[in-house]
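Visitor: In the numbering used here, each number is its position in the sequence shown, counted from 1, plus 49.
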Amino acid sequence: MKEEGCIFCKIANGEIPSATLYEDEDFRVILDLGPAAKGHALILPKEHYPNLYELPDELAEKAVLLAKKMITKMKKALNCDGFNVVQNNGAPAGQTVFHFHMHLIPRYEGDHAGFGWNTGELNAADREEILTKMQKFS
Ligand code: 5GP
Ligand code: ZN
50 MKEEGCIFCK IANGEIPSAT LYEDEDFRVI LDLGPAAKGH ALILPKEHYP
100 NLYELPDELA EKAVLLAKKM ITKMKKALNC DGFNVVQNNG APAGQTVFHF
150 HMHLIPRYEG DHAGFGWNTG ELNAADREEI LTKMQKFS
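So, in structure tokens, the structure goes:
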């Protein structure tokens with residue numbers, strides 16, 4: 050299943066050339082054109098699914114195993130000091146390309162990649178509300 054006009058469908062299936070680090074029957078792993086840090090890569094499934102909610106379980110399992118395999122190899126190859134594995138769902142969460150993908154972002158001591166968020170404090174009302182709401186969907 051491909052989506053007409055989806056750039057990641059075209060890249061994943063080799064219709065548009067990319068710097069490919071890995072390829073198998075389900076996935077292509079490419080270098081991001083706008084890297085947050087040197088070696089920033091993307092795992093793209095060859096089939097089109099907009100986000101993690103809609104990704105079949107079998108591909109979700111394979112994607113996580115592939116992420117593990119890739120960052121293990123990239124850590125040795127790039128000699129980086131850490132990794133962020135990031136996956137955005139929905140525009141408010143920062144998703145800009147609506148074809149499921151995982152970011153593999155190598156981190157180096159003292160880099161200025163700047164990934165993170167502002168932290169708050171869990172208050173009692175939110176805690177109870179969330180626990181109650183989640184129980185309804187278990
Ligand atoms: P998102 O914000 O959706 O989680 O991530 C989209 C990522 O795709 C961004 O990091 C952006 O730099 C990258 N990107 C967008 N278009 C292209 C492209 O045509 N080729 C490659 N290699 N990366 C792209
Ligand atoms: Zn697509």
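Even for Gly, the Cβ is constructed at its ideal location relative to N, Cα and C.
1) Would alanine 90 pass as a contact of leucine 70 if the rule is Cβ separation under 8 Å?
2) Could you tell me if the beta carbon of serine 67 falls within a distance shorter than 7 Å of some heavy atom in the ligand 5GP?
3) Excluding the five sequence neighbours on either side, which residues of its own chain have a C-beta within less than 8 Å of the C-beta of leucine 127, listed in chain order?
4) I'd like the ranges of any alpha helix (DSSP H) spanning at least 4 consecutive residues and lying wholly in the segment 125 to 168.
5) For isoleucine 56, does the count of other Cβ atoms within 10 angstroms reach 16, so buried, or fall short, so exposed?
Guide: Answer, in terms of the structure:
1) Numbered from its first residue, the sequence shown carries residue 90 at position 41. Numbered from its first residue, the sequence shown carries residue 70 at position 21. In contact: alanine 90 and leucine 70 (Cβ atoms closer than 8 Å).
2) Here residue 67 corresponds to residue number 18 of the sequence shown, with the count starting at 1. Yes, the beta carbon of serine 67 sits closer than 7 Å to at least one heavy atom of the ligand 5GP.
3) By 1-based counting over the sequence shown, the position of residue 127 is 78. Once the five neighbours on either side are set aside, the close Cβ partners of leucine 127 are Lys87, Gly88, Pro155.
4) none
5) Taking the first residue of the sequence shown as 1, we reach residue 56 at position 7. Per the 10 Å Cβ criterion, exposed.
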